[in-house]
Structure formats: C-alpha cells, structure tokens
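For what it's worth, our numbering labels the leading residue of the sequence shown as 56, then goes sequentially.
As structure tokens, the structure follows; a few thoughts come after it.
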Amino acid sequence: MRPAPHAGPGPPLDGAEAVRSPSIEESIMAHIFFPLPSRDFDPTEVGVTWRVLTAAGHGVSFATPDGKAGAADPIMITGRGLDPWSPIPLIGRITVIGRMLRANKDARRAYAEMIASPAFRSPRRWDELSVDGHDAIVLGGGHRARGMREYLESPALQKLVADFFAADKPVAAICHGVLLAARSKRADGRSVLHGRKTTALSWRHERTASAFAHVGRFWDRNYYRTYPEEDGQPKGYMSVEQEVIRHLADPGDFIDVRPEDPHFRRKTSGLVRDSFMDHSPALVVEDGNYVSARWPGDTHCFASTFARLLARSPAEEDARRARVA
Numbered sequence: 056m057r058p059a060p061h062a063g064p065g066p067p068l069d070g071a072e073a074v075r076s077p078s079i080e081e082s083i084m085a086h087i088f089f090p091l092p093s094r095d096f097d098p099t100e101v102g103v104t105w106r107v108l109t110a111a112g113h114g115v116s117f118a119t120p121d122g123k124a125g126a127a128d129p130i131m132i133t134g135r136g137l138d139p140w141s142p143i144p145l146i147g148r149i150t151v152i153g154r155m156l157r158a159n160k161d162a163r164r165a166y167a168e169m170i171a172s173p174a175f176r177s178p179r180r181w182d183e184l185s186v187d188g189h190d191a192i193v194l195g196g197g198h199r200a201r202g203m204r205e206y207l208e209s210p211a212l213q214k215l216v217a218d219f220f221a222a223d224k225p226v227a228a229i230c231h232g233v234l235l236a237a238r239s240k241r242a243d244g245r246s247v248l249h250g251r252k253t254t255a256l257s258w259r260h261e262r263t264a265s266a267f268a269h270v271g272r273f274w275d276r277n278y279y280r281t282y283p284e285e286d287g288q289p290k291g292y293m294s295v296e297q298e299v300i301r302h303l304a305d306p307g308d309f310i311d312v313r314p315e316d317p318h319f320r321r322k323t324s325g326l327v328r329d330s331f332m333d334h335s336p337a338l339v340v341e342d343g344n345y346v347s348a349r350w351p352g353d354t355h356c357f358a359s360t361f362a363r364l365l366a367r368s369p370a371e372e373d374a375r376r377a378r379v380a
C-alpha cells in the first residue's frame with residue numbers, strides 16, 4: 056500500500072461545510088466508535104473530530120473503562136497549571152504558557168458541544184465493545200500519564216483495535232492513539248501497523264512540549280512525557296515516535312514532515328495549528344483504510360480526511376480492496 060501524506064490541498068470538509076457537501080449527504084453514513092479513558096484525553100483531538108464526523112451525518116458512540124462519561128485533561132482546557140506561578144492562589148489563574156499550549160477557542164467549543172451530547176453522556180464499557188455492528192473506530196490521544204496509561208495499556212482495547220484492522224474497517228488514530236494501534240497485535244504476533252505507513256506524535260513535538268513543562272510546570276516536569284525514559288535509556292527512547300517505529304516493518308514507514316515541504320516551519324514549530332479553512336500546518340497519512348496524524352494541530356485535516364474516506368461509494372471501496380488484494 057502506498058502512503059499518501061496529506062496536508063489538506065483540497066477544500067476542507069468540516070463543520071457546516073460538511074453538512075452541505077453532496078458527496079457526504081448522498082453517502083451511506085457510518086457508525087463510529089470513540090473509546091476514551093476515564094480522564095485526561097485531549098479535548099481537541101476528540102472534540103473536533105467528533106464535530107466533523109457528526110456534522111457529516113455519521114453516528115458516534117463512546118466507551119470508557121467503567122461506562123461513565125469521561126473528561127478531557129483540564130489543563131488542556133483552561134491552561135491553568137503550565138505556568139511557574141500556577142500553584143499560587145489567585146495568581147495561578149493567570150495563564151501565559153498555558154494559554155499558548157491549551158486547546159484553542161474553536162476546539163474548546165467543540166469539546167463543550169460534545170460533552171453535552173447524549174452519546175457522550177451514555178458511554179458503554181470497554182469490555183462490552185465488539186467490531187460487529189460498527190463501521191469505524193477513532194483513537195484519540197492525550198499525554199497525561201495519570202489518565203492515558205490505562206487506555207494505552209488496555210488489553211481489551213488492543214484486541215478491539217486488532218479486530219478492526221483484521222476486518223479491514225476504517226481506523227483513524229492521532230497522537231498517542233497511534234501508540235495504542237501500534238501495541239495492538241495481529242494473529243501472527245506482529246503489530247497491526249507492521250507493514251503500514253503511519254505518522255504519530257513526533258519526538259520533535261514531544262521534546263518541545265516537555266521543555267515548556269520543565270520551565271512552567273517544574274513540580275511535574277514529565278507532564279508531557281507519558282512514558283519517560285528509565286536509567287540507561289537514551290533520550291527519546293520512550294517517546295511515542297520511537298516506540299511506534301519499533302513496531303513497524305521499516306523505520307522509513309514512519310512519515311514525518313520533509314525538510315523540502317513548503318510549509319515545513321508551520322508544520323513543525325508546534326505553535327501553529329490547522330483550522331477549518333487552513334490545513335497547511337497539518338500532516339495526515341493515509342494507508343488504505345488507516346488514517347493517522349501527529350498532534351492536536353493536525354485535527355481538522357485528520358477528521359476531514361477520515362470523513363472523506365468514510366464517504367467513499369461502494370464501487371470506490373470495491374476498487375480499493377481489489378488494488379490491495
């Protein structure tokens with residue numbers, strides 16, 4: 056399968072635009088799973104993706120470990136907790152670094168809409184999930200170890216993801232969600248991503264965010280490192296990028312931004328995010344029915360790409376399967 060890195064050269068397929076799109080309205084709508092941890096998932100990656108897919112007419116259901124509604128990382132919503140003075144009463148409400156790194160206004164609005172939806176308020180349990188009766192799955196991310204490790208290490212979710220890949224049903228994974236996919240094993244014991252092209256949170260982005268935390272959140276310097284290195288391990292060994300690469304058939308199957316990309320700085324600075332109308336800062340990789348992206352700044356392009364994949368006609372899907380075979 057040939058990788059198709061995508062940075063949104065075509066018109067966006069988001070929000071109200073998705074509702075008006077004839078190609079979406081006339082397609083067969085899908086029922087999509089969003090498994091989530093109980094807490095600390097990323098509000099942008101989940102909220103914006105939910106909004107794009109539901110606006111396109113797709114049905115979405117959620118699942119958490121205990122069947123109770125989950126919650127995003129509050130720091131990524133308020134920005135409080137990322138400045139050196141954050142622990143100080145009253146003054147701690149002032150955000151500088153936190154305002155820069157938290158979810159932007161559009162993403163916070165999407166998250167608020169999502170958590171008010173009936174589907175989000177009535178999730179299923181992870182152990183109740185099955186590939187049967189569902190057309191696709193979205194694996195969101197988040198970095199805070201407190202809530203994310205249970206999600207990333209869940210045998211139930213890893214089996215579910217493996218089942219979706221085995222059934223060749225569409226899978227979308229972003230940021231740490233790619234790590235969950237990488238840890239999911241096929242019947243032969245290899246990762247479901249072995250032999251596929253993918254991207255994920257890059258070490259460049261993870262290292263930059265960690266540097267901010269070392270300054271602004273000095274009492275919890277590994278806030279952005281879900282799995283910090285142990286003694287004797289080289290720096291970056293436990294990063295998302297490096298672990299994902301260890302599960303691939305070839306290190307070259309991990310796709311990152313090329314230096315010659317005309318939007319290289321916008322894509323790699325960690326400070327510029329894509330939007331409904333501008334996908335140029337994003338990197339999204341498609342490989343068959345699998346779509347991957349790096350971080351919250353790719354989410355609009357990521358969700359739009361997945362919506363287009365789900366909108367393929369039966370004839371187009373049959374042709375794709377024939378090419379793969």
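Just so it is clear, CB atoms sit at the ideal spot from N, CA and C, and this is done for glycine as well.
In this text the structure is predicted, and so the values were computed from the model without any measurement.
May I have the straight-line CA-CA distance separating residue i from residue j, to the nearest angstrom?
i, j, result
"G136", "R367", "43 Å"
"K142", "R148", "Going by the sequence as given, residue 142 is Pro instead of Lys. So the alpha carbons of these two residues sit roughly 9 Å apart."
"A118", "R179", "4 Å"
"M169", "A266", "31 Å"
"E261", "K240", "25 Å"
"P351", "T281", "16 Å"
"N277", "A268", "7 Å"
"L235", "L207", "5 Å"
"I229", "G287", "29 Å"
"G343", "A304", "16 Å"
"A191", "Y279", "29 Å"
"D128", "D275", "15 Å"
"G188", "T150", "45 Å"
"G125", "F89", "11 Å"
"P77", "S347", "The predicted model places P77 with a pLDDT of 38, which falls under 50 and marks its position as unreliable, so this point remains unresolved."
Got a sec, what are the start and stop residues for the beta strand (DSSP E) residue i sits in?
i, result
"I87", "86 to 90"
"Y345", "345 to 348"
"F117", "114 to 119"
"F96", "94 to 96"
"L194", "191 to 194"
"E341", "339 to 342"
Find the nearest neighbour of residue i within the set the options, judged by alpha-carbon distance.
i, options, result
"S209", "W350, R238, A191, Y345", "R238"
"M84", "D308, V327, P225, Y292", "P225"
"A227", "A242, D243, L248, G244", "L248"
"V186", "F219, R320, M203, R199", "F219"
"G307", "G250, P283, G287, P289", "G250"
"L194", "M131, R328, L91", "L91"
"R301", "F357, C356, A255, L184", "A255"
"V101", "V327, T323, A358", "A358"
"A162", "E285, D97, R321", "D97"
"L326", "F273, T263, P283, W274", "T263"
"Y292", "R259, T323, G197", "R259"
"V295", "E285, G232, D329", "G232"
"V299", "M332, R245, S324", "R245"
"S116", "H86, P129, G188, I130", "H86"
"W181", "P283, L145, E205", "E205"
"R272", "K123, P289, I152", "I152"
"G202", "A242, V270, P120, L184", "P120"
"D333", "S324, V346, S347, H318", "H318"
"G197", "L145, A110, D316, I130", "I130"
"T323", "A222, V107, S257", "S257"
Taking the alpha helix (DSSP H) that residue i belongs to, which residues open and close that run?
i, result
"G352", "Unbroken run through G352: none, as it is neither H nor E."
"L234", "231 to 238"
"G153", "152 to 156"
"A165", "160 to 170"
"R328", "Counting along the chain, R328 falls outside any alpha helix (DSSP H), and DSSP gives it neither H nor E."
"M203", "200 to 207"
"L215", "210 to 221"
"F267", "258 to 271"
"A174", "173 to 176"
"M131", "129 to 133"
"E296", "295 to 301"
Kindly give me the distance between the Cβ atoms of residue i and residue j, rounded to whole angstroms, as I take these residues to be in contact under 8 Å.
i, j, result
"T381", "T354", "There is no way to answer for residue 381, as the model of the chain reaches only from 56 to 380."
"D95", "R199", "4 Å"
Quick one: is residue i near chain D, going by C-beta distance under 8 Å?
i, result
"T263", "Judged by its chain identifiers, the structure shown contains no chain D, having just a single protein chain."
Legend entry - Inter-stretch contact (C-beta, 8 Å, three-pair minimum) for the stretch 145 to 163 and the stretch 204 to 221: no
Legend entry - Touch test, the stretch 307 to 318 against the stretch 333 to 345, Cβ-Cβ under 8 Å, three pairs minimum: yes
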